[in-house]
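Enquirer: My questions will all concern the structure given below.
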Amino acid sequence: MPPRDAPLVLGIETSCDDTACAIVAADGRVLASAVSSQLEAHRPFGGVVPEIASREHLRNWPAVSAEAFERAGVTLDDVGVVAATRGPGLIGALLVGLSVGRALSWARGLPFHAVHHLEGHLYSPFLSAHGLPADEVPPRFVGLVVSGGHTALYRVEDGEVETEGETRDDAMGEAFDKLGKRVGLPYPQGPVVDSLGELAEPQPRMPVPRCGETLDFSFSGLKTRAIQEVEKLERRGVPTDLGGVAGPEPSPGPELLPVLSLLAAFRRAAVRQVLDRLERMHRRGSFEVLAVSGGAAANRELRRALPEWAEEKGVDLRLVPLRYSGDNAAMIAWAALQRERRGRRDDPLAVTAASRIPL
Amino acid sequence: MAKEYSGDRPTALYTSAVTDTPSNLAGAPPTEPPVDGPILALDSGSPVVSVALGTAGDVWGSRSVAQASSSEALLGLVDELLAEHRLVARDLSGVVGARGPGSFTGLRVGLATLLGLHQALAVPAAAVPTLEILAAWTAEGAAGTIVAAVDALRGEWFVQTFEDGEPPRATGAPRCVAARAIDELAPCRVVGFGVGALGGPGVDARPVDTLAPAIVRLAAWRPLEWRPADLLDPLYLRQPAVSRPA
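Listed in order, the protein sequences are those of chains E and F.
Under my numbering, the first residue of the first sequence carries the number 1, and numbering increases by one thereafter.
Under my numbering, the first residue of the second sequence carries the number 360, and numbering increases by one thereafter.
Pasting the structure below:
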């Protein structure tokens, strides 16, 4: 239990379809991180419905916050700083968490931080998965955020963030979701495409887009190419519907091998693209620390490939702990602590949510 | 087109890590009504968003802002209003909001704000149906039926009928009707934001400017139900515009 004079940070995150609340100590120890997924509410529609997400956040907040306080064994009286995500994300969803956070901070007279969602992801690889203090955030590092909503490379220096490259179309996780939907997988499709990709050899080889010589990403062409390959299989009468095999331990029959190979090939090409951009960036100016975060940082192939690459280059790789790869509020509280250390605070009476905001 | 989403399902169905019910409000006291201190009332779903301060029946002051800029401004209005009366948040002894119908996002911003205040201050909280507040706004001297009306857009209105009284007594459930159907309720008094455009013969249209003060007045007429869980459950009266894919 932290001493009373080290105030705790209450983190609130409602930018998409997860209602999240966390209590984080000043040294970055996550005392509790509660995440309430809305998967069941959205699944019938094949994706996140913004209005449903917003309704669910309001309904879920008291239970999620109660869970966080209970697990942390603290009360609101122990909280010294309040932080909530201000964007980017679904505007109606963001406004629920931000409104609760602003009111809590104002009524209690506590410092407030309206945190950029990606700032949350950027610093999340330094959190400990085991309830230990977070690692010291190095003054300079390269951040790679890969998720269902974002795919971007950043250079972070003393809290200043420069965008080095970002996706020109789909985010990496979004492309996984869309391909998964095409082959009949239920929402959220991305993680299932990843696990099914483990079951077959990648075939055929798919190209990595160049995007000129920039550090930008593009996954839309790859997704279209994969869908065309699905159509080719279908024209040949090869089954491609994976709707029936998606479970915790999928066991598709041999007739589905061609489509599984296709998913594996798609995944390989997506991961190769990520490594290609890292390679480019490293060639331009080497860096010592690479912090990888976001929901798609849970991708198995990416988690195998990155350590190899980092070792070869002598880069200190910080892979976000799996439990903090998806959206969560611990990362929002932790990012608020970085801001707090730099003396950056927001006025709870004068902030608002925004669906799109630069970092 | 099937509407698959139902907000009526218990929260536990949607959650993986959390098994509590919506009524489990962290830090919430039992629902004892405020004794005699000031209550903060807030209407965030209407075209004009308003906040009011007072004790039951006695409105001390209010503030308002257009819906479009309300999400950013709302808490500042509360702060201003309290400061004007030399109060701080901790002096509040209850918070109450309009529960809808109204702007979906607007309702949530207001109710989420009250939820935060309820948690932070451990004060009783309540949410009152907007149509009941509207009926109370105009009750004095009403002849015949009172029709509380909220613009449901697409040429439709959410309406509920009341008969005169203190407070007015509902004579029907809320429903969604075409604008012209309101004429059939004449003779009546129609009350709501933007109702000036409504009404044929026998319809006495009473446009509303702000509603939060009426919540404070309503509290003088009847005991409010101090049920914080109502904050989580706005009366949207309309499903999200989404249908299940084929």
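For every residue, glycine included, the Cβ atom is placed at its ideal position computed from N, Cα and C.
Please read all numbers here as calculations on a predicted model, not as lab measurements.
1. So for Trp-106(E), helix, strand or coil by DSSP?
2. Keeping to the same chain, check which residues put their C-beta closer than 8 angstroms to that of Leu-577(F); ignore five residues upstream and five downstream.
3. Which of the three DSSP states, helix, strand or coil, is assigned to Glu-301(E)?
4. If the cut-off is 7 angstroms on Cβ atoms, which residues from the stretch 467-493 of chain F count as contacting chain E, listed in chain order?
5. Helix, strand or coil for Pro-50(E) per DSSP?
6. Please decide whether Ser-195(E) counts as near chain F, where near means a Cβ-Cβ distance under 8 angstroms.
7. So that I know if they touch, is there some Cβ in chain F lying closer than 8 angstroms to that of Ser-367(E)?
8. Since Pro-587(F) and Ala-484(F) are thought to touch, with beta carbons under 8 angstroms apart, how far apart are those beta carbons, to the nearest angstrom?
9. Please tell me whether Pro-599(F) has its Cβ less than 8 angstroms away from any Cβ of chain E.
10. Report the three-state DSSP secondary structure of Phe-217(E) (helix, strand or coil).
11. Whole angstroms are fine: how far does the CA of Pro-572(F) sit from the CA of Asp-450(F)?
12. Do Phe-463(F) and Glu-51(E) have their C-beta atoms closer together than 8 angstroms?
13. For Tyr-373(F), which residues from the same chain have a beta carbon less than 6 angstroms from its beta carbon, with the 5 sequence-adjacent residues on both sides left out?
14. Taking Cβ positions only, does Ala-103(E) come closer than 8 angstroms to chain F?
15. Under a three-way DSSP split, which group does Pro-593(F) fall into?
16. With 7 angstroms as the limit, tell me which residues of the stretch 405-435 of chain F have their beta carbon closer than that to any beta carbon of chain E; keep them in chain order.
17. Quick check on DSSP: helix, strand or coil for Glu-525(F)?
18. Under 9 angstroms, CB to CB, which of the residues in the stretch 536-564 of chain F have a partner in chain E?
19. For Ser-99(E), decide whether its Cβ has a neighbour in chain F, counting only Cβ atoms nearer than 8 angstroms.
20. Given a threshold of 16 other Cβ atoms within 10 Å of its Cβ, counted over all protein chains shown, does Gln-189(E) qualify as buried or as exposed?
21. How would you list, in chain order, the residues of chain E whose beta-carbon sits under 8 angstroms from the beta-carbon of Asp-438(F)?
22. Here's a check: name, in chain order, each residue in its chain whose Cβ is nearer than 7 angstroms to the Cβ of Ser-65(E), leaving out the five neighbours to either side.
23. Apart from the five residues just before and just after Asp-177(E), which ones in its own chain have a Cβ nearer than 7 angstroms to its Cβ?
24. Mind checking which residues open and close the alpha helix (DSSP H) that includes Arg-267(E)?
25. Kindly list the residues whose CB is nearer than 8 angstroms to the CB of Ser-37(E), restricted to its own chain and excluding five residues on each side of it in sequence; keep chain order.
26. Bridge partners for Cys-21(E) per DSSP, in chain order?
27. With DSSP collapsed to three states, give me the class of Thr-472(F).
28. Look at the alpha carbon of Gly-514(F) and the alpha carbon of Arg-597(F), and state the distance between them as a whole number of angstroms.
29. Can you tell me the Cβ-Cβ gap for Ala-107(E) and Gly-396(F), rounded? I've got them flagged as a contact below 8 angstroms.
30. Could you list the residues in the stretch 46-67 of chain E with a C-beta less than 7 angstroms from some C-beta on chain F, going in chain order?
31. Tell whether a beta-carbon distance below 8 angstroms holds between Leu-179(E) and Gly-243(E).
32. Cβ of Phe-463(F) less than 8 angstroms from any chain E Cβ?
33. To the nearest angstrom, how far is it from the Cα of Pro-209(E) to the Cα of Arg-277(E)?
34. Taking DSSP as the reference, what is the three-state secondary structure of Ala-508(F)?
35. For Glu-327(E), which option in Leu-122(E), Ala-6(E), Ala-41(E) has the closest C-alpha, if you only look at C-alpha atoms?
36. Gly-73(E) by DSSP, collapsed to three states: which one?
Expert: According to the structure data:
1. helix
2. Val-487, Glu-491, Ile-492, Ala-495, Pro-526, Leu-583
3. helix
4. Arg-467, Val-468, Leu-470, Ala-471, Thr-472, Leu-474, Gly-475, Leu-476, Gln-478, Ala-479, Leu-480
5. helix
6. no
7. With chain E running from 1 to 359 in the structure shown, residue 367(E) is simply not present.
8. 4 angstroms
9. yes
10. strand
11. 19 angstroms
12. yes
13. Because Tyr-373(F) sits at a pLDDT of 28, beneath the cut-off of 50, its placement in the model cannot be relied upon, and the point is left open.
14. yes
15. coil
16. Ser-430, Glu-431, Leu-434, Gly-435
17. coil
18. none
19. yes
20. buried
21. Trp-106, Leu-349
22. Cys-21
23. Gly-148, Pro-188, Gln-189, Gly-190
24. 257-284
25. Asp-17, Asp-18
26. Ile-12(E), Ala-34(E)
27. helix
28. 14 angstroms
29. Rounded, the Cβ-Cβ distance is 15 angstroms, inconsistent with contact.
30. Gly-46, Val-49, Glu-51, Ile-52, Ser-54, Arg-55, Glu-56, Leu-58, Arg-59, Asn-60, Trp-61, Pro-62, Ala-63, Val-64, Ser-65, Ala-66, Glu-67
31. no
32. yes
33. 10 angstroms
34. strand
35. Just to set this straight, residue 327(E) is Asp in the shown sequence, not Glu. It is Leu-122(E).
36. coil
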